[in-house]
Amino acid sequence: MALLDWAKKADFDMMFKRYNVIIEGPAIKPEDDPDVKKVLPKEEPFRTLAMAVIFGDTGKAVQAAKTALERTSPLDVIEKGLAKGMDAVSALYAKAVYFLPDIMLSADAMTAAMAVAEQKLGRAREKKGTVVSFVAEGDPHDIGKNLVVMFLKANGFEAVDLGRDVPDKEVIEAVKKYKPVMLTGTALMTTTMTAFPRVAKALQEQGISVPVFGCGGGAVKRDFVESYDMGVYGVKAFHAPKLAEAALAGKSWKEIRKEYPKIVGEFVAEYADRM
Numbered sequence: 001m002a003l004l005d006w007a008k009k010a011d012f013d014m015m016f017k018r019y020n021v022i023i024e025g026p027a028i029k030p031e032d033d034p035d036v037k038k039v040l041p042k043e044e045p046f047r048t049l050a051m052a053v054i055f056g057d058t059g060k061a062v063q064a065a066k067t068a069l070e071r072t073s074p075l076d077v078i079e080k081g082l083a084k085g086m087d088a089v090s091a092l093y094a095k096a097v098y099f100l101p102d103i104m105l106s107a108d109a110m111t112a113a114m115a116v117a118e119q120k121l122g123r124a125r126e127k128k129g130t131v132v133s134f135v136a137e138g139d140p141h142d143i144g145k146n147l148v149v150m151f152l153k154a155n156g157f158e159a160v161d162l163g164r165d166v167p168d169k170e171v172i173e174a175v176k177k178y179k180p181v182m183l184t185g186t187a188l189m190t191t192t193m194t195a196f197p198r199v200a201k202a203l204q205e206q207g208i209s210v211p212v213f214g215c216g217g218g219a220v221k222r223d224f225v226e227s228y229d230m231g232v233y234g235v236k237a238f239h240a241p242k243l244a245e246a247a248l249a250g251k252s253w254k255e256i257r258k259e260y261p262k263i264v265g266e267f268v269a270e271y272a273d274r275m
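Residue numbers (the UniProt record's numbering): 1 to 275.
Put into structure tokens, the structure is as follows:
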């Protein structure tokens with residue numbers, strides 16, 4: 001009876017609203033978000049470039065890049081415009097205003113516009129460093145890994161995507177081949193996350209050095225990742241570029257474990273004891 005009473009009063013129209021309706025109303029705009037304001041360029045043409053990325057508008061991003069290139073350098077188009085837009089997207093994703101589809105659209109817009117800038121530059125944008133990413137052997141779930149790869153690429157890293165259900169041996173061979181500044185692994189299931197300590201042990205036994213082995217995913221917890229050497233528990237996908245930057249700056253996995261909240265620049269509940 002109570003359920004029937006609730007059904008009579010329920011506003012079922014609310015159930016069919018888009019999940020990201022918060023950015024669609026005239027009163028609430030992404031550029032008004034305080035965290036977005038911190039990174040959004042104020043001057044043109046960089047603001048228009050950033051906004052095109054924020055809204056995932058590939059056509060507008062490409063046109064804005066072409067227009068901007070008439071009066072500014074390709075590197076400025078990328079670093080002062082497109083990259084800032086992706087920083088804003090990361091901020092919106094962190095607050096659960098943006099979700100996976102939004103991230104994908106924004107990443108596509110940035111990639112297309114960046115290709116225009118790189119064509120004018122005459123070469124690809126110089127990469128900061130290489131990161132190898134994989135999903136643990138036996139695990140078919142790759143959404144988390146895909147997000148990590150997108151954020152890394154958007155922030156100027158060469159992301160080598162090994163895919164899902166990757167055998168330990170393939171991970172080891174990739175580390176040997178690419179010599180990454182960071183290795184990332186994701187797992188959604190407790191039965192597959194055991195690949196991480198196996199990989200870490202195999203790397204150590206073969207004398208292969210990788211500064212950071214970032215591990216995360218639905219099944220993964222910090223105490224598990226910190227039970228073996230090299231492991232750093234990655235809380236959010238958008239933290240990956242900042243962890244990679246720290247590794248590039250020479251920080252060890254031990255230092256990154258200790259300084260995680262400071263490195264990512266925000267309160268992280270999972271690391272509250274290290275704030």
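Glycine is no exception: its CB is placed at the ideal position from the N, C-alpha and C atoms.
- Approximately 15 angstroms separates the beta-carbon atoms of Ala237 and Ile263; this is outside 8 angstroms, ruling out the contact.
- In this structure, Met182 keeps its C-beta atom at 8 angstroms or more from the C-beta atom of Val220.
- For Gly144, the uninterrupted alpha helix (DSSP H) run begins and ends at Ile143 to Ala154, by DSSP.
- Collapsing the DSSP output to three states places Thr111 in a helix.
- The beta carbon of Phe196 is closer than 6 angstroms to those of Gly185 and Cys215 in its chain, skipping five residues each way along the sequence.
- Straight through space, the alpha carbons of Lys66 and Ala115 are spaced by roughly 11 angstroms.
- Under the three-state reduction of DSSP, Ala187 is assigned to coil, being neither helix nor strand.
- Glu137 is classed as buried because its beta carbon has at least 16 other beta carbons within 10 Å across all chains shown.
- For Val160, the closest C-alpha among the options Phe134, Lys169, Ala154 and Leu147 is that of Phe134.
- Of Met86, Leu49 and Val53, the smallest CA-CA separation from Leu69 is found for Leu49.
- 8 angstroms or more divides the Cβ of Leu152 from the Cβ of Ile172.
- Counting only runs of 4 or more residues that sit fully inside the UniProt domain "B12-binding" (128 to 254), the alpha helix (DSSP H) segments are 143 to 154, 168 to 178, 195 to 205, 222 to 225 and 240 to 248, in chain order.
- Relative to Tyr228, the option among Pro45, Ser252, Ala200 and Val39 whose CA is nearest is Ala200.
- Gly56 is a Cβ neighbour of Asp108, given a cutoff of 8 angstroms.
- With fewer than 16 other Cβ atoms from the protein chains shown falling within 10 Å of its own Cβ, Arg71 counts as exposed.
- Measuring C-alpha to C-alpha distances from Leu188 to each of Gln206, Leu75, Gly217 and Lys127 identifies Gly217 as the nearest.
- Rounded to the nearest whole angstrom, the CA to CA distance from His141 to Ile256 is 26 angstroms.
- Using a C-beta cut-off of 8 angstroms, the stretch 162 to 177 makes contact with the stretch 119 to 134, since at least three inter-stretch Cβ pairs fall below that distance.
- Inclusion of Val89 and Ile54 in the CB contact set at 8 angstroms is warranted, their separation being smaller than that value.
- Contact between Thr130 and Glu158 holds: their C-beta atoms lie close to 4 angstroms from each other, under 8 angstroms.
- Asp87 is positioned such that its CB atom lies closer than 8 angstroms to that of Val39.
- Scanning Trp253, Ala240 and Leu248 for the CA closest to the CA of Gly265 turns up Ala240.
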